[in-house]
Every structure is written in C-alpha cells, then in structure tokens.
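Chains A and B supply the protein sequences, listed in that same order. My numbering puts the first residue of the first sequence at 1, with every later residue one more than the last. My numbering puts the first residue of the second sequence at 1001, with every later residue one more than the last. C-beta: ideal position from N, C-alpha, C; glycine also. Report on one structure; see the data block that follows.
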Amino acid sequence: AQSVTQLDSQVPVFEEAPVELRCNYSSSVSVYLFWYVQYPNQGLQLLLKYLSGSTLVKGINGFEAEFNKSQTSFHLRKPSVHISDTAEYFCAVKSYSGAGSYQLTFGKGTKLSVIP
Amino acid sequence: DGGITQSPKYLFRKEGQNVTLSCEQNLNHDAMYWYRQDPGQGLRLIYYSQIVNDFQKGDIAEGYSVSREKKESFPLTVTSAQKNPTAFYLCASQRRGSGYEKLFFGSGTQLSVL
C-alpha cells in the first residue's frame, strides 16, 4: 500500500528565515504529488503540484517543491517565511491503482509556526 | 463564486443519535469525497462518489453512510454505530477526468459528542 511520510509533525521557524518541510512517499509507480495548506478551522487549499517535467515546481505564496525520484521525496521550501504562513501543511501522493482508479494518500501533516 | 459549502460548522451529537453533515457544491464537479481529520492523523477517506447514484467506501467507512441523489449534494450521516465520531469532517470535490485534478475543499464541520 502506498504511504506518505511527513517526518516533522511541528516546525517552528523565525520570521524571514527559510523553511523546508519534508515529505517522502513509498509508491514505486508513477505518481502525482501535491502540497496542500490548511489554515485554522478551514479546509485545505492546493499550494502546488508535480505532474511531470521539471522537478522544481513553484506554487502560490512563494513556496516551491522539488521532486526527487531516486529519493522518493517531494520537500516543500520557502526562502523567507511570513507570519501568515503559520498553518498546517499536507503532502499528498496520487498513484494509479488499476481498473481506472487512482489512490490519493495524505501525509499526517506538518504544523508550521512562524515566530515573530 | 463557485465553491463547496459545508454545514453546520459545529455539530453536537448525543449518545445513540444519528447526525447528518451537509455538503453542497456548485462547481459542476462529478466526484465528491468525505474525509475525517483527527489531530496528528492527517486525512482519512470515509466515502467517495464519482458519479450520481454511485458511491464507494473509503478506508474508514464503518459507522458512516452517504447518498448521492444529486450531482451537487453529498451528505454524510454519522450513525450511532460510529463509536468515536468526534473529529473534523471535510468534504471535497474534483472535476472528473485524469488523476491529477486538484481537490476543492469545504471549510469543514467539527463534530463533537455530548
């Protein structure tokens, strides 16, 4: 079964510092990769996605992620965080599971806290 | 503006009671999903529907039921058989097609047991 591991459940970082949120997945087949952000008491919003092509993907709010097939990773980065980036971030992996179906698996989330 | 509306925002359930969470979308999306979110657990799929009058169990369907009588609506009933219903419930929709379409999420319903 496919699995998604977000190694850090909580990441505190000072404002204007860089941040990396880590995500590793287990699927051996071709995958689509996503990062979603969830602000308190809200649903999730798509930050960025990797489908194919360039391994560096740029998303909204200055975030970017790099797909590394050999390490089965899709880490999320931002060079300088803002207070408004405080939220929970979810990595998700979608892979073909046969018979025309796709399986989407979410990681357990990483809470980013930006310290003023 | 198009979007997904979940109601109510907060819901309380008494012992032995069934409660229904509403999810409505005006995005003309074929696929709809229900996820349960517990602290530190991420999102777990309860039920999903790819088309009207059809739905499939997800990973944690026990104690839940759904219907999909209209394209716009996908209500979730938490039955008395669900012994630990306290969680944040998220509804999502997706345009049917290839596997890389993003999910659009509602703002969630927090269900608590009295």
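| Asked | Found |
| --- | --- |
| Below-8 angstroms beta-carbon distance, B:Val1021 vs any chain A residue | For the sequence presented, residue 1021 of chain B should be read as Leu rather than Val. False, the Cβ-Cβ gap to chain A never drops below 8 angstroms. |
| Candidates A:Val19, A:Gly43, A:Tyr50, A:Gln6: closest to A:Ser95 by CA position | A:Tyr50 |
| DSSP state of A:Asn24 mapped onto helix, strand, coil | strand |
| Near-chain A residues of the region 1006-1036 of chain B (beta-carbon distance less than 9 angstroms), N- to C-terminal order | Gln1006, Lys1009, Tyr1033, Tyr1035 |
| Contact between the region 1062-1072 of chain B and the region 2-21 of chain A (3+ Cβ pairs under 8 angstroms) | no |
| Inter-residue spacing [alpha-carbon to alpha-carbon] between B:Phe1104 and A:Phe63 | 19 angstroms |
| Closer than 7 angstroms at the beta carbon, the chain A residues around B:Phe1074 | Residues of chain A passing the Cβ test: none, with the nearest at roughly 14 angstroms. |
| The region 83-92 of chain A contacting the region 30-40 of chain A, beta-carbon criterion three pairs below 8 angstroms | yes |
| Touch test, the region 1007-1019 of chain B against the region 98-112 of chain A, Cβ-Cβ under 8 angstroms, three pairs minimum | no |
| Within 9 angstroms of chain B by C-beta, residues of the region 25-45 of chain A in sequence order | Tyr32, Phe34, Tyr36, Gln38, Asn41, Gln42, Gly43, Leu44, Gln45 |
| Chain A within 8 angstroms of B:Phe1105, Cβ atoms only | yes |
| Beta strand (DSSP E) segment containing B:Ala1092, residue limits | 1087-1094 |
| For A:Asn68, the first and last residue of its enclosing beta strand (DSSP E) | 64-68 |
| A:Leu21 versus A:Ser97, A:Leu47, A:Lys69, residue with shortest Cα-Cα distance | A:Leu47 |
| A:Ser84 (DSSP reduced to helix, strand or coil) | helix |
| Cα-Cα separation between B:Asn1018 and B:Val1078, rounded to whole angstroms | 6 angstroms |
| Below-8 angstroms beta-carbon distance, A:Ser113 vs any chain B residue | no |
| Contact with chain B by A:Gly109, beta-carbon distance below 8 angstroms | yes |
| Min CB distance A:Lys49 to chain B below 8 angstroms | yes |
| Distance CB(B:Asp1030)-CB(B:Arg1096) smaller than 8 angstroms | yes |
| Under the three-state DSSP convention, the category B:Ser1060 falls into | The sequence shown places Ile at residue 1060 of chain B, rather than the Ser named in the question. Note: B:Ile1060 maps to coil in three-state DSSP. |
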